[in-house]
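Report on the following structure.
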Amino acid sequence: MKISKQPIIICWLAMLWAMPASGISGNVYPFEGLDTLGNRLQKVYSPGVRASWLGESSYFWYENRERKGTAFYLVDAASGKKRQADTREGLAAYLEDRPELAALLKGQAPQARQQGAPAEEGVSPDGKWKAFIRNSNVYLASLTDKDAAPVILSNDGAPGFAYGQLRWSPDSKKLAAMKVREVKERQIPLLESAPESQLQPKLRWINYAKPGDVLPVSLPALFDVENMKQIPLDTRPYEHQFALFFTGWRADSRSYTFEFNQRGHQRYIVGEVRADNGEIRRLVDEKSETFIDYTRNFRHDIADGKEIIWLSERDGWKHLYLIDGTDGSVKACMTPGEWVVRRVVHVDEDARQVFFMASGMNRKEDPYNMHLCRVGFDGTGLADLTPENANHTVSFSADRSRFVDVYSRPDMPPVSVLRDGQTGKVVAELERCDVSELLAGGWVMPEVFHAKGRDGKTDIWGTIFRPANFDPNKKYPVVEDIYAGPHDSFVNKNFSAFEYYITPLVELGFIVVKIDGMGTNNRSKAFHDVCWKNLRDSGYPDRIRWIKAAARKYPYMDTSRVGVYGWSAGGQSALGALLFFNDFYKAAVSFCGCHDNRMDKIWWNEQWMGYPVDESYSRSSNVDNAHLLKGDLLIINGELDDNVDPASSLQVVKALMKADKMFEQLYLPGRTHSLGQKFEVYRMYDFFVRKLRD
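Per the working numbering, the very first residue in the sequence shown carries number 185; after that it's consecutive.
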């Protein structure tokens with residue numbers, strides 16, 4: 185008998201439970217005990233200090249879970265001395281001689297200092313002029329001669345191409361502005377099928393630009409107030425833009441700066457407009473054959489722009505550079521080497537030092553572990569202030585003389601210490617986490633695992649999660665929790681006794697893995713560039729090799745039963761596993777996925793897929809490649825998703841139907857992009873139990 189061409193699509197909520205579920209009862213939430221797994225956290229003692237610093241002082245306090253109950257501690261970071269009490273109010277007794285700190289500790293906000301009246305918008309610093317926009321142009325009104333008529337400074341503004349964003353120079357002699365060519369942004373409809381307030385559905389439209397759309401253009405402008413004229417600027421090189429924005433006048437009024445992100449994200453410029461003649465100089469000019477990760481940019485101007493600290497991947501690794509602010513030349517690469525600067529914590533201009541978080545410096549540890557480091561502006565004196573083999577989280581005192589460091593790994597409970605802010609020397613150990621009670625109850629510590637990636641050389645890192653009372657003589661299906669968005673890396677590097685989605689799935693009899701493959705961030709530029717015009721890849725060639733390597737070491741990992749799930753970009757990747765890598769992955773749950781990058785928000789997708797929109801978008805499209813589906817699929821999304829256009833999921837559903845593919849779907853009324861509540865997560869658990877376990 186021929187099977188009907190209409191595929192089986194299980195739509196809406198209750199219908200899923202009409203399906204047969206081997207070994208599972210018909211209760212709404214059949215997985216008994218999963219709701220109590222979070223109680224494991226109560227058996228983790230001294231889980232890590234969260235320091236609450238008291239104002240500008242050297243004191244901080246923290247709350248600590250101990251076997252005997254909750255305890256509170258007050259620490260004088262200057263000496264490392266620690267005092268205990270049963271309540272925060274009890275700690276305040278130790279600060280009787282510092283009533284302002286005692287009030288802070290009790291949660292009483294300090295009295296706000298009296299501030300002067302805010303400067304009126306558009307008024308010059310010397311108080312003589314008020315700049316304003318009228319009829320799309322720039323006008324000046326005298327504040328010293330009330331009878332004088334306003335003076336028009338520009339005459340080329342028009343509706344849709346108007347001036348705005350007025351910024352006075354500190355000396356009141358010049359006025360900067362932006363001339364903006366506006367566009368009507370694309371809108372998408374969101375239909376709320378079952379609103380609480382009425383019987384009939386509600387329709388609303390939201391602004392939502394997509395790849396390839398026309399964007400507004402902002403062009404810098406300059407006006408000479410002394411001579412009441414506009415100084416012409418050559419802005420032609422900056423018209424093909426994703427964004428251009430004003431970043432401030434120099435204190436001596438010699439110039440103002442802006443940052444320019446070229447459309448396609450392959451060029452990024454820090455420009456300087458000279459106040460005397462309008463010449464535009466390029467202080468920083470970043471170029472890339474693939475993309476510039478502009479959301480991670482860092483810039484710090486020193487001594488009114490005489491020097492600039494700039495974060496760049498120009499040598500293939502993300503590093504800090506000292507730039508000459510007068511001509512844009514590089515004075516020093518401050519942090520050379522095959523490792524990456526992750527975040528700048530503090531720039532000390534007086535000492536000419538930068539404090540920053542870095543990863544990958546220590547070859548014998550996980551390259552994603554973050555360490556606090558210090559280096560001089562000239563690149564000398566590089567020091568790791570947190571040398572332990574772990575991921576470090578730091579919190580500084582106001583004067584930066586001390587910091588609290590909590591360090592851990594997925595396989596190492598946290599240690600909390602107080603360190604000297606300049607040398608990193610441990611002043612005092614604060615707490616050491618105790619998980620002995622968890623281990624005695626059968627809980628299994630996660631394992632940090634690494635294996636070679638697709639090139640046979642690069643280490644790929646991830647974590648293996650095993651169920652409590654794990655039996656190595658059994659065979660366990662494997663499920664991967666995936667998020668492969670190129671904007672970051674996603675495997676948690678800190679200790680956690682409970683992972684919200686992973687832990688319940690593990691305890692249902694699965695081994696769960698989480699991996700950072702090529703194409704994700706925080707490694708080399710070459711590692712990152714794998715994603716370029718290639719989001720379908722999702723690092724799967726590395727993930728598959730990693731899982732196979734783990735299974736060779738641990739034969740109880742059954743690679744004939746491998747599933748994957750993910751949200752958003754992870755939802756796109758999860759379905760992609762059954763399209764492009766379906767000889768390995770057998771089941772997938774896709775939450776709120778962007779299944780075609782042409783359907784998703786412009787800023788995220790053009791960043792990695794490029795501009796203009798070309799055939800690479802189709803190559804990565806789950807919609808255009810839906811006919812390749814093999815394996816068991818569950819698609820879940822919400823009708824009110826304002827992050828990923830919900831039509832993206834419905835379009836892939838239509839393509840799967842057209843290709844006569846069998847799958848399951850949940851389209852959730854009233855739900856947004858924030859899918860992760862009990863109902864849909866339990867549907868995921870049920871799906872994997874049915875498809876991989878039983």
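Note that the Cβ used here is the ideal one computed from N, Cα and C, for glycine as well.
Span separating the alpha-carbon of residue 796 from that of residue 475: Roughly 13 Å separates the two Cα atoms.
Which of helix, strand or coil DSSP assigns to residue 868: In this structure, residue 868 counts as helix in the three-state DSSP scheme.
Sequence-distant residues of its chain with Cβ nearer than 7 Å to residue 584 (five each side left out): Excluding residues up to 5 positions away in sequence, 530, 605 lie with their Cβ nearer than 7 Å to the Cβ of residue 584 in the same chain.
Separation of residue 762 from residue 875, as counted between CA atoms: About 14 Å.
Cα-Cα separation, residue 619 to residue 631: So the two alpha carbons sit approximately 15 Å from each other.
Any 3 or more C-beta pairs closer than 8 Å across the region 271-290 and the region 303-311: Touching, no.
N-terminal and C-terminal residue of the beta strand (DSSP E) that residue 317 is part of: DSSP places residue 317 inside the beta strand (DSSP E), whose first and last residues are 313-318.
Residue 702 beta carbon less than 9 Å from that of residue 642: Taking 9 Å as the Cβ cut-off, residue 642 and residue 702 qualify as a contacting pair.
3 or more residues per run - each beta strand (DSSP E) lying fully within the region 514-583: You should have 514-517, 524-532, 537-543, 554-560, 575-580.
Span of the alpha helix (DSSP H), counted from its first residue to its last, around residue 787: Its alpha helix (DSSP H) spans residues 786-793.
For residue 857, the three-state DSSP class (helix, strand or coil): DSSP places residue 857 outside both helix and strand once states are collapsed to three, so it counts as coil.
8 Å Cβ shell around residue 225 - same chain, five flanking residues per side excluded: Closer than 8 Å at the Cβ level, and outside the excluded window around residue 225, lie 231, 681, 682.
Own chain residues within Cβ distance below 6 Å of residue 863, not counting five before or after: Within the same chain, no residue comes within 6 Å of residue 863 by CB-CB distance, once the 5 residues on both sides are set aside.
Touching by the beta-carbon criterion (3+ pairs, under 8 Å), the region 396-404 and the region 426-441: Yes, the region 396-404 touches the region 426-441.
CB contact flag (residue 344, residue 417, <9 Å): It is not a contact, given that the beta carbons lie outside the stated cut-off.
Separation of residue 666 from residue 523, as counted between CA atoms: If you take the alpha carbons of residue 523 and residue 666, they lie about 24 Å apart.
Span of the beta strand (DSSP E) around residue 347: Boundaries of the beta strand (DSSP E) around residue 347: 345-352.
Own chain, CB closer than 8 Å to residue 536, minus 5 neighbours either side, in chain order: These residues qualify, in order along the chain: 560, 561, 562.
Beta carbon proximity, residue 345 to chain D, threshold 9 Å: The structure shown has no chain D; it contains just one protein chain.
Contact check, residue 849 vs residue 818, beta carbons under 9 Å: Result yes, Cβ atoms of residue 849 and residue 818 sit closer than 9 Å.
Start-to-end residues for the alpha helix (DSSP H) that takes in residue 709: That run of the alpha helix (DSSP H) goes 709-713.
Cβ pair count under 8 Å reaching 3, the region 754-774 against the region 645-659: These segments do not touch.
Pairwise C-alpha distance: residue 514 and residue 608: As the crow flies, the alpha-carbon of residue 608 is around 30 Å from that of residue 514.
Outcome for residue 872 when other beta-carbon atoms lying within 10 angstroms are tallied against a minimum of 16: Result: buried.
Euclidean distance between Cα positions of residue 447 and residue 409: About 33 Å.
Residue 437 and residue 377 closer than 9 Å at C-beta: 9 Å or more divides the Cβ of residue 437 from the Cβ of residue 377.
Local Cβ density within 10 Å of residue 684, reported as buried at 16 or more and exposed below that: Residue 684 should be labelled exposed.
Residue 725: first and last residue of the uninterrupted alpha helix (DSSP H) it sits in: In the DSSP annotation of this structure, the continuous segment of the alpha helix (DSSP H) that includes residue 725 starts and ends at 724-737.
Top-ranked residue by Cα proximity to residue 847, from 772, 804, 597, 718: Minimum Cα distance to residue 847 is reached at 772.
First and last residue of the uninterrupted alpha helix (DSSP H) at residue 688: Per DSSP, residue 688 belongs to the alpha helix (DSSP H) from 686-691.
Contact between the region 441-460 and the region 498-505 (3+ Cβ pairs under 8 Å): Output reads no: the region 498-505 does not touch the region 441-460.
Coarse secondary structure for residue 719, derived from DSSP in three states: In the structure shown, residue 719 sits in coil (DSSP, three-state: anything other than H, G, I, E or B).
Bounding residues of the alpha helix (DSSP H) (the contiguous stretch that carries residue 338): Note, residue 338: premise wrong, no alpha helix (DSSP H); not H, not E.
Under the three-state DSSP convention, the category residue 251 falls into: DSSP places residue 251 in coil when its eight states are reduced to three.
Residue 473 classed as buried or exposed, judged by whether at least 16 other C-beta atoms fall within 10 angstroms: In summary, residue 473 is exposed, with fewer than 16 beta-carbon neighbours lying within 10 Å of its beta-carbon over all protein chains present.
DSSP state of residue 382 mapped onto helix, strand, coil: Three-state DSSP puts residue 382 in coil, outside helix and strand.
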